[in-house]
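Under the numbering used here, the first residue of the sequence shown carries the number 208, and numbering increases by one thereafter. For every residue, glycine included, the Cβ atom is placed at its ideal position computed from N, Cα and C.
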Amino acid sequence: MSLVKTVSLLLACLVMPAAWAQTFTFTAIPDENESQLKTRFDKVARYLEAELGVEVAYVPVKSYAAAVTAFRNNQVQLAWFGGLSGVQARRLVPGSNAIAQGYEDQYFKSYFIAHHSTPLVQSTNFPNLNGYTFTFGSKGSTSGRLMPQFYIERNMGKKIEDIFPRTGFSGDHSRTIAQVEAGAYQVGAVNYKVWESMVEKGEVDTNKVKVIWESPAYPDYQWTVRAGVDQVYGAGFSDKLKSVLINMKDPDLLASFPRQSFVEATNQAYEPIESVAQTIGLLD
208 MSLVKTVSLL LACLVMPAAW AQTFTFTAIP DENESQLKTR FDKVARYLEA
258 ELGVEVAYVP VKSYAAAVTA FRNNQVQLAW FGGLSGVQAR RLVPGSNAIA
308 QGYEDQYFKS YFIAHHSTPL VQSTNFPNLN GYTFTFGSKG STSGRLMPQF
358 YIERNMGKKI EDIFPRTGFS GDHSRTIAQV EAGAYQVGAV NYKVWESMVE
408 KGEVDTNKVK VIWESPAYPD YQWTVRAGVD QVYGAGFSDK LKSVLINMKD
458 PDLLASFPRQ SFVEATNQAY EPIESVAQTI GLLD
């Protein structure tokens with residue numbers, strides 16, 4: 208090879224976009240069963256890859272805490288977090304930003320569900336939960352733990368341990384529904400979107416489990432991008448990523464979340480979640 212050609216190749220390598228040299232990775236909190244999440248986020252990875260012009264990979268994790276850890280350790284540069292896990296991740300990696308959320312995530316809700324054997328019925332009034340067994344979702348879940356615990360303690364005037372003789376953490380919303388339906392716990396707290404999706408698909412026996420209370424609205428899920436991506440993937444990459452997420456229009460992709468659309472998000476929108484987490488002792 209001639210000296211001129213060798214020098215030309217070296218120069219080409221030096222000016223090669225950084226994005227070509229490193230796969231852009233993302234993860235998501237495991238709020239439903241693993242196979243459903245893999246199907247959904249593999250589709251998202253293909254969409255992002257086509258729109259961003261970089262190699263993109265979805266990295267599954269086993270728990271909410273593992274999603275936050277992967278983000279902190281730069282194993283992933285983007286994550287689909289819940290409200291609380293997003294707050295935790297951004298506190299650990301200063302300069303990270305919430306950039307997009309589902310339209311519905313501006314006004315998210317939790318449902319309290321009860322086994323048919325209980326006398327509890329649906330009402331706008333907060334239910335008297337004294338003496339029932341209760342299951343949350345993941346310990347790090349906004350809709351399955353943080354906000355339900357806040358509403359329970361505020362309305363009952365007591366701590367969780369003084370209300371329920373037995374409390375569980377199912378790990379995700381699908382398992383919460385299954386446990387209450389089976390009678391393993393009498394009452395539980397779930398993400399309203401997961402409940403409605405499973406009911407629509409016929410995956411819930413509504414003769415055995417019912418909604419008894421709907422929470423006030425609060426901000427929840429969001430896409431958070433890690434600080435420093437512009438230095439690795441090129442100037443303006445985070446802005447382009449935000450635009451690509453907000454412009455996700457494929458009905459099949461949106462239905463898999465399920466969300467009607469994505470809109471811009473900001474860190475400031477999640478300050479109420481951070482405040483609640485500090486109030487009930489889930490943040491230092």
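Sheet register partners of Ser-317 (DSSP bridge): Asn-398
Own chain, CB closer than 8 Å to Leu-299, minus 5 neighbours either side, in chain order: Val-275, Phe-278 and Arg-279
Between the CA atoms of Ile-480 and Lys-366 - distance to the nearest angstrom: 19 Å
4 or more residues per run - each alpha helix (DSSP H) lying fully within the segment 436 to 466: 436 to 440, 444 to 453 and 458 to 463
Nearest to His-380 (by Cα), restricted to the options His-323, Thr-349 and Gly-390: Measuring from the Cα of His-380, the nearest candidate turns out to be Thr-349.
Residues sharing a beta bridge with Lys-417, DSSP: Ala-321
Straight-line gap, Val-432 to Ser-482 (C-alpha atoms, nearest Å): 22 Å
Reduced DSSP category for Thr-340 - H, G, I as helix; E, B as strand; rest coil: Correct three-state label for Thr-340: coil.
Separation of Pro-326 from Ser-303, as counted between CA atoms: 46 Å
Backbone secondary structure at Val-470 - three-state DSSP: strand
C-beta contact flag for Ile-236 and Tyr-265 at 8 Å: no
Cβ neighbour criterion (16 or more within 10 Å) applied to Gln-485: Classification of Gln-485: exposed, given that the 10 Å Cβ count is below 16.
Beta-bridge pairing of Tyr-265 - partner residues as DSSP gives them: Phe-233
Sequence-distant residues of the same chain with beta carbon closer than 7 Å to Asn-474, five excluded per side: Arg-297, Asn-304 and Ala-305
Nonlocal neighbours in the same chain, by C-beta distance under 7 Å from Asp-249, ignoring five residues either side: Tyr-265
Length of the line joining the Cα atoms of Val-387 and Ala-424: 23 Å
For Val-416 and Val-451, the rounded distance between their alpha carbons: 39 Å
According to DSSP, residues forming a beta bridge with Thr-431: Ala-286 and Ala-305
Local Cβ density within 10 Å of Tyr-314, reported as buried at 16 or more and exposed below that: exposed
Alpha-carbon spacing of Ala-225 relative to Ser-404, whole angstroms: For Ala-225, the predicted structure reports a pLDDT of 41, less than 50, and the residue's modelled location is therefore unreliable. A value from the coordinates is still provided. Whole-angstrom Cα-Cα distance: 40 Å.
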